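Trainee: Position in the sequence shown (first residue = 1) + 15 = this note's numbering.
Think of the CB as a built atom: it goes at the ideal place given N, C-alpha and C, for glycine as much as any other residue.
The model shown is predicted, which means the values in this text are computed figures rather than measured ones.
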Amino acid sequence: MADQYYPRFPPTLASQHPPETQSYAQRAEDNVFKAFGENGSLITYQHPNGGLIGPFPIIIASKEIGESVLAAPQTLAKLSTIPDDAKEVAILVVGAKFDCAYEQYAHRNIATKKSLLTEQQCADIRAQRKPEGLSEAASVTYDAAFHLANQKGPLPTGVFKEWVKALGSKESMLVMTHYIGIYCHVCVLMNMADTPLPPGETH
16 MADQYYPRFP
26 PTLASQHPPE
36 TQSYAQRAED
46 NVFKAFGENG
56 SLITYQHPNG
66 GLIGPFPIII
76 ASKEIGESVL
86 AAPQTLAKLS
96 TIPDDAKEVA
106 ILVVGAKFDC
116 AYEQYAHRNI
126 ATKKSLLTEQ
136 QCADIRAQRK
146 PEGLSEAASV
156 TYDAAFHLAN
166 QKGPLPTGVF
176 KEWVKALGSK
186 ESMLVMTHYI
196 GIYCHVCVLM
206 NMADTPLPPG
216 ETH
């Protein structure tokens, strides 16, 4: 039954999914709990009925494709270490581009609760302004992510070179670029689903 607040892809417990997606839904729940800890500590990712909210109902409904989407950030994390503040800047730039409510809510909370960014820096990114006081890696990542998400054509050579230098290697820069692409994908999915914020939250 559709939830009035989540009419397109309602949150559903793994145990209530059809047999063909039940095991995958359970893996998704387990991964989310492991990544974010107790519901509400970093972000609210669970409906009162126990089902997942945010992008996760859409990912589960996408079956094999969704499983690849869910696995991609975990794979990237194993390939190269990139600065957490720069990663959150990249994700928030994408969220602002697509005006994706849940993505902006979730990653503002992750960035501020982990003391990676300030509330003002997150607000500036949401307004598509470059914040002051960013680390070198986060500053160049903002420039690169903003261009890739908002501008037509290739990334300027100067920005490319600065980005590789700031992140320490071309491999790290490539991993960050994949994060930008993945979160563009996730934002499109959530905007398609009209994914709302958790009740009482703002982005």
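1) Per DSSP, which one or two residues make a beta bridge with Leu67?
2) State the DSSP-derived secondary structure class of Ile195, mapped to helix, strand or coil.
3) Using CA atoms only, rank isn't needed, just tell me which of Pro169, Asp139, Ala116 and Leu182 is closest to Tyr198.
4) Going by beta carbon distance, what residues of the same chain come within less than 6 Å of Met16, once the five residues before and after it are set aside?
5) Have a look at Ile106 and Pro26 and give me their C-alpha separation to the nearest angstrom.
6) Beta-carbon separation of Ala121 and Leu85 under 8 Å?
7) Once DSSP output is grouped into helix, strand and coil, what is the label at Lys129?
8) Could you check which residue in Glu134, Thr133 and Trp178 has the C-alpha nearest to that of Ser154?
9) Per DSSP, what kind of secondary structure is Glu103 in: helix, strand or coil?
10) So does the segment 125 to 132 actually touch the segment 158 to 178, counting three or more Cβ pairs closer than 8 Å?
11) For the segment 173 to 190 against the segment 73 to 89, do three or more pairs of beta-carbon atoms, one drawn from each stretch, fall closer than 8 Å, so that the two count as touching?
12) Closest by CA to Tyr20, which one among Pro33, Pro63, Ile58 and Gln37?
13) Please tell me whether, using a cut-off of 7 Å, the distance from the CB of Pro33 to the nearest non-hydrogen atom of the ligand FAD is below it.
14) Can you give me the start and stop residues for the alpha helix (DSSP H) that Ile158 sits inside?
15) With a threshold of 16 other CB atoms inside 10 Å of the CB of Leu67, please say whether the residue is buried or exposed.
16) Since Ile75 contacts Gly81 with CB under 8 Å, what's their CB separation in whole angstroms?
17) Among Ala126, Glu118 and Gly110, which residue has its Cα nearest to the Cα of Asp100?
Mentor: Considering the structure as presented:
1) Residue pairing by DSSP puts Leu67 in a beta bridge opposite Gln61.
2) Residue state, collapsed to three classes: helix.
3) The closest CA to that of Tyr198, considering only Pro169, Asp139, Ala116 and Leu182, is found on Ala116.
4) Interpretation of Met16 is limited by its pLDDT of 43, a score under 50 that renders its predicted location unreliable; no figure is taken from the coordinates.
5) If you draw a straight line from the Cα of Ile106 to the Cα of Pro26, it is about 24 Å long.
6) Not in contact: Ala121 and Leu85 (Cβ atoms no closer than 8 Å).
7) DSSP places Lys129 in the coil class of the three-state scheme, outside both helix and strand.
8) Among Glu134, Thr133 and Trp178, the Cα nearest to that of Ser154 belongs to Trp178.
9) In the structure shown, Glu103 sits in a helix (DSSP, three-state: H, G or I).
10) No, they do not touch.
11) Here the segment 173 to 190 does not lie against the segment 73 to 89, with fewer than 3 beta-carbon pairs under 8 Å apart.
12) Comparing Cα positions, the closest option is Pro63.
13) Of the ligands one can find in the structure shown there are none, so the ligand FAD has no counterpart to examine.
14) A small fix is needed here, since residue 158 is Asp in this sequence, not Ile. DSSP places Asp158 inside the alpha helix (DSSP H), whose first and last residues are Glu151 to Asn165.
15) The Cβ neighbour count for Leu67, taken over all protein chains shown within 10 Å, is at least 16; the residue is labelled buried.
16) Here Ile75 really is in contact with Gly81; their C-beta atoms are around 6 Å apart, less than 8 Å.
17) Ranking the options by Cα distance to Asp100, first place goes to Ala126.
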